[in-house]
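In the working numbering, the protein residues as written are 1 to 187. Don't be surprised by glycine CBs; every beta carbon is placed ideally from N, CA and C. In this text the structure is predicted, and so the values were computed from the model without any measurement.
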């Protein structure tokens, strides 16, 4: 269990400041690109598919799909850990009651597990919205950073405040929608 937690925490540890820069620079030097997915050297997959006689368009589609899956898993460490925490917080007594009542695994999931995970789902939605909105690859964040780099502080500040308010509205809508469907066992 601890091994898997470490594996899912690895992106968080690696993506911290200095470690990320060293890692990216090393990958850029080795692979000639700054994309994080070069860790898995998609050139090996491309060559394997090419040797099998598969066309370039199919190879590009497969490599893009694999790289996207890797990126999604790379960015999902916190969310996965939150779900693991949520699953561990479900009392085994609730499952024992379901067994006594003759519930199927499907019924256990929809009537016990899923409702008790809804607070964690809400937390993950909020975290993901904030994480995506503040990512350095986000075009709005690139624009804001560009203003600050070019010493255009007033435009950068105006765009930052506007973007913050937009994110706040989106978070408010998401929280309002999710809170209606969130089940708390203490209530």
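If we count Cβ pairs, one from each stretch, closer than 8 angstroms, do we get three or more for the region 89-106 versus the region 63-71? Contact between the region 89-106 and the region 63-71 is absent: fewer than three C-beta pairs spanning the two stretches fall below 8 angstroms.
Along the chain, where does the alpha helix (DSSP H) containing residue 52 start, and where does it finish? That residue, residue 52, is in no alpha helix (DSSP H); it is neither H nor E in DSSP.
Enumerated in chain order, which unbroken segments of the alpha helix (DSSP H) with a length of 4 residues or greater are wholly contained in the region 113-174? Complete alpha helix (DSSP H) runs here, min 4: 114-133 and 139-149.
Are there 16 or more other CB atoms within 10 angstroms of the CB of residue 55, so buried, or fewer, so exposed? So residue 55 ends up on the exposed side.
Measure the Cβ-Cβ separation of residue 174 and residue 129 and say whether it is below 9 angstroms. Between residue 174 and residue 129, the C-beta spacing is below 9 angstroms.
Does DSSP put residue 86 in a helix, in a strand, or in coil? Looking at residue 86 - three-state DSSP - the assignment turns out to be helix.
Distance check for residue 47 and residue 166, CA to CA, integer angstroms please. Residue 166 and residue 47: Cα-Cα distance of roughly 44 angstroms.
For the 8 angstroms Cβ check, are there 3 or more pairs between the region 174-185 and the region 112-123? Taking a cut-off of 8 angstroms on C-beta distances, the region 174-185 touches the region 112-123, as three or more cross pairs fall below it.
According to DSSP, simplified to helix, strand and coil, what is residue 34? With a pLDDT of 48 at residue 34, under the threshold of 50, the modelled position of this residue cannot be trusted, and the question is left open.
Quick one: using the 10 Å Cβ neighbour count with 16 as the cut-off for buried, is residue 72 buried or exposed? If you draw a 10 Å sphere on the C-beta of residue 72, you find fewer than 16 other C-beta atoms in it, and that means exposed.
Exposed unless 16 or more other CB atoms sit within 10 angstroms - verdict on residue 144: Residue environment: residue 144 is assigned as buried (16 or more neighbouring CB atoms within 10 Å of its CB, all protein chains considered).
So what does DSSP say about residue 95, is it helix, strand or coil? In this structure, residue 95 counts as helix in the three-state DSSP scheme.
Through-space distance from residue 58 to residue 50, alpha-carbon basis: Near 10 angstroms, if we compare the C-alpha coordinates of residue 58 and residue 50.
Tell me whether residue 3 sits in a helix, a strand or coil according to DSSP, three-state version. Three-state result, residue 3: helix.
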